[in-house]
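Please read the structure below before turning to the comments.
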Amino acid sequence: LTLRRRQVAPRLPVSTNQSIPNFRFASTELKDCSFRVRAAGAGAGGGGGPPAVAGVVCVTSGGTTVPLEQRCVRYIDNFSSGQRGAASTEYFLKAGYAVVFVHRRGSKQPFCRFLPEDSFLDLFELGQGSEIQVPESHTTVVKAAISSYRKAIDEGLLLKLPFTTIFEYLQLLQLVSTAMNCLEHHGMFYCAAAVSDFYVPWESMAKHKIQSAGGPLNMQLNQVPKMLFILRNHWAPSAFCVSFKLETDPDILIQKAEAALRKYGMNVVVANELANYKDVVVMVTSTGKTTVSRRSKEDDLEEQLIGLLVKMHSDHAKQSNP
Numbered sequence: 013l014t015l016r017r018r019q020v021a022p023r024l025p026v027s028t029n030q031s032i033p034n035f036r037f038a039s040t041e042l043k044d045c046s047f048r049v050r051a052a053g054a055g056a057g058g059g060g061g062p063p064a065v066a067g068v069v070c071v072t073s074g075g076t077t078v079p080l081e082q083r084c085v086r087y088i089d090n091f092s093s094g095q096r097g098a099a100s101t102e103y104f105l106k107a108g109y110a111v112v113f114v115h116r117r118g119s120k121q122p123f124c125r126f127l128p129e130d131s132f133l134d135l136f137e138l139g140q141g142s143e144i145q146v147p148e149s150h151t152t153v154v155k156a157a158i159s160s161y162r163k164a165i166d167e168g169l170l171l172k173l174p175f176t177t178i179f180e181y182l183q184l185l186q187l188v189s190t191a192m193n194c195l196e197h198h199g200m201f202y203c204a205a206a207v208s209d210f211y212v213p214w215e216s217m218a219k220h221k222i223q224s225a226g227g228p229l230n231m232q233l234n235q236v237p238k239m240l241f242i243l244r245n246h247w248a249p250s251a252f253c254v255s256f257k258l259e260t261d262p263d264i265l266i267q268k269a270e271a272a273l274r275k276y277g278m279n280v281v282v283a284n285e286l287a288n289y290k291d292v293v294v295m296v297t298s299t300g301k302t303t304v305s306r307r308s309k310e311d312d313l314e315e316q317l318i319g320l321l322v323k324m325h326s327d328h329a330k331q332s333n334p
């Protein structure tokens, strides 16, 4: 599987079910890159070649921004630290998956979750001569992070693709999903990013910084098209798709998750409440609901969640290719 990013902004396909605007990049141009991964049933493994992986998963993580100006100074941001996406990526890799990690710039990264949150420079100290050392208090976590990260990179099992704006995110989602379509049921999408619901169309943006001297600001936002439907029905229709539903009102959470399951054709919708999203989630499927709770403060909820999803994905692949 090869993914290529070019310095162009491709038009998004128009669905008969939904009108999709022509998004354009609003910030940094994407540079050329390629990524090769091996997946069972996708022409890899066997014949003395490299071992096949369990599958390929695209993990989206972090929040998108909505620029208010073409030469952006101000923007609207979505809440997300990227913690769930980063942790989930680690557990997918442990389960034998190759991971395309589509993440917000500056958000939490795989294998870096337990590094000190202080300044990057606090992780190092000067030794004798030109040597740079890691303080003894940080040696264990830094060594573990570097070892796990380098293993994933060197084995070709992790590709990190950054975004900031809603425009970049949607273009990357299209790029990755259409490239992964050839994997069919061996591909998975784990859409944990906090995607903006509203945006300012490029042609409606002020070109330069909006001036405060003009008084109160009145601005109309358009709805961002629901790309989960396009992903599920056009870009990668055979893939196993997992989306997330975050609400602040527990009384409507499951109802909204069930509605998303039906509307977008997801295999699983993970429902979580803002007040306790680190401790408990509910997996909603067409056959029922499963609650996943963190066992202790030291455990990652994502370990249980990914374990269940890997099993469901395996069953999905077997049913699709008996």
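Residues in the sequence shown are numbered from 13 upward in steps of one, following this note's numbering. Beta carbons: idealized from backbone N, C-alpha and C, even for Gly.
Whose CA, out of A251, Y276, A329, lies closest to the CA of S298? Counting from 1 along the sequence shown, the entry for residue 298 is found at position 286. The shortest Cα separation from S298 among A251, Y276, A329 belongs to Y276.
Quick check on the burial criterion: 16 or more other C-beta atoms within 10 angstroms. Buried or exposed for A110? Counted from its first residue, the sequence shown places residue 110 at position 98. By the neighbour-count rule (16 or more Cβ atoms within 10 Å), A110 is buried.
Pairs of beta-carbons, one from the segment 102-118 and one from the segment 159-174, closer than 8 Å: are there three or more? yes
Return the chain-ordered ranges of every beta strand (DSSP E) run that is complete within the segment 95-143 and spans a minimum of 3 residues. You should have 109-116.
Answer with buried or exposed for K219, where buried requires no fewer than 16 other C-beta atoms within 10 angstroms of its C-beta. Here residue 219 corresponds to residue number 207 of the sequence shown, with the count starting at 1. By the neighbour-count rule (16 or more Cβ atoms within 10 Å), K219 is not buried but exposed.
May I have the straight-line CA-CA distance separating V69 from K290, to the nearest angstrom? Taking the first residue of the sequence shown as 1, we reach residue 69 at position 57. Taking the first residue of the sequence shown as 1, we reach residue 290 at position 278. Taking the straight line joining both Cα atoms gives about 22 Å.
Using DSSP bridges, identify the partner residues of D311. Against the sequence shown, residue 311 aligns to sequence position 299. BP columns for D311 are empty, so no partner.
Per DSSP, G67 is paired with what? Translated into the one-based positions of the sequence shown, residue 67 becomes position 55. Beta-bridge pairing links G67 to Y109.
Burial state of Q121, where buried means 16 or more other Cβ atoms lie within 10 Å: As a working note, residue 121 is residue 109 in the sequence shown. When all chains shown are included, Q121 counts as buried.
Which residues in the same chain as M192 place their Cβ atom closer than 7 Å to its Cβ, once the five residues preceding and following it in sequence are excluded? Here residue 192 refers to the residue found at position 180 when the sequence shown is read from its first residue. Taken in chain order, the residues that qualify are L13, V68, C70, G199, A248, A251.
Is the beta carbon of Q76 less than 8 Å from the beta carbon of T152? Locating residue 76 in the sequence shown gives position 64, counting from the first residue. Locating residue 152 in the sequence shown gives position 140, counting from the first residue. Sequence check: residue 76 is Thr here, not Gln. Cβ atoms of T76 and T152: not closer than 8 Å.
Which same chain residues end up closer than 7 Å to L233 when comparing Cβ atoms and leaving out the 5 residues on each side of it in sequence? Translated into positions along the sequence shown, residue 233 becomes position 221. Here the set comprises F210, Y211, V212.
Proximity winner among R83, A66, A98, T72, relative to I358 (alpha-carbon distances): The question about residue 358 has no answer, for the chain in this structure spans 13 to 334.
DSSP three-state assignment for I88, whether helix, strand or coil: Working through the sequence shown from its first residue, we reach residue 88 at position 76. I88 falls in the strand class under three-state DSSP.
Backbone CA spacing between A287 and T260 [nearest angstrom]: Along the sequence shown, read from residue 1 onward, the residue named residue 287 stands at position 275. Along the sequence shown, read from residue 1 onward, the residue named residue 260 stands at position 248. Cα to Cα, A287 sits roughly 7 Å from T260.
Which of helix, strand or coil does DSSP assign to S342? Only positions 13 to 334 of the chain appear in this structure, which leaves residue 342 out of reach.
On the three-state DSSP scale, how would you describe P262? Here the question's residue 262 lines up with position 250 in the sequence shown. In this structure, P262 counts as helix in the three-state DSSP scheme.
Is the CB-CB distance between Y202 and V254 below 8 Å? To locate residue 202, count along the sequence shown from 1; it is residue 190. To locate residue 254, count along the sequence shown from 1; it is residue 242. Annotated as proximal: Y202 and V254, with beta-carbon spacing under 8 Å.
Distance, K106 Cα to Q316 Cα: Counting from one through the sequence shown, the residue named residue 316 turns up at place 304. Counting from one through the sequence shown, the residue named residue 106 turns up at place 94. Separation of Q316 and K106 (C-alpha to C-alpha, rounded to the nearest whole angstrom) is 13 Å.
Where P262 and V280 are concerned, what is the direct C-alpha to C-alpha distance, given to the nearest angstrom? Here residue 262 refers to the residue found at position 250 when the sequence shown is read from its first residue. Here residue 280 refers to the residue found at position 268 when the sequence shown is read from its first residue. Roughly 19 Å between the two C-alpha positions.
Using C-beta distances below 8 Å, list every residue in its chain close to L138, excluding the 5 sequence neighbours before and after it, in chain order. Locating residue 138 in the sequence shown gives position 126, where the first residue counts as 1. Taken in chain order, the residues that qualify are I144, Q145.
Three-state secondary structure assigned by DSSP to L173: Taking the first residue of the sequence shown as 1, we reach residue 173 at position 161. Of the three classes helix, strand and coil, the one that applies to L173 here is strand, per DSSP.
For V188 and S46, the rounded distance between their alpha carbons: Counting from one through the sequence shown, the residue named residue 46 turns up at place 34. Counting from one through the sequence shown, the residue named residue 188 turns up at place 176. Because S46 sits at a pLDDT of 36, beneath the cut-off of 50, its placement in the model cannot be relied upon, and the following sentence gives the value as read from the coordinates. If you take the alpha carbons of S46 and V188, they lie about 11 Å apart.
For A329, which option in F104, R162, T302, H197 has the closest C-alpha, if you only look at C-alpha atoms? Position 317 of the sequence shown holds residue 329. Nearest C-alpha to A329: H197.
Nearest candidate by alpha-carbon position, reference S305, set D311, V292, V296: Residue mapping note: residue 305 aligns to position 293 of the sequence shown, counting from 1. Minimum Cα distance to S305 is reached at V292.
G57, DSSP secondary structure in three states: The sequence position of residue 57 within the sequence shown is 45, counting from 1. Residue confidence for G57 is low, a pLDDT of 32 falling below 50, so the modelled location carries little weight; the figure read from the coordinates is stated next. Coil, per DSSP.
Starting from T151, trace the alpha helix (DSSP H) both ways and give me its first and last residue. Translated into the one-based positions of the sequence shown, residue 151 becomes position 139. Secondary structure note for T151: its alpha helix (DSSP H) is the uninterrupted segment 151-166.
Taking buried to mean at least 16 other C-beta atoms within 10 Å of its own C-beta, is G141 buried or exposed? The residue labelled residue 141 in the question sits at position 129 within the sequence shown. That one is exposed.
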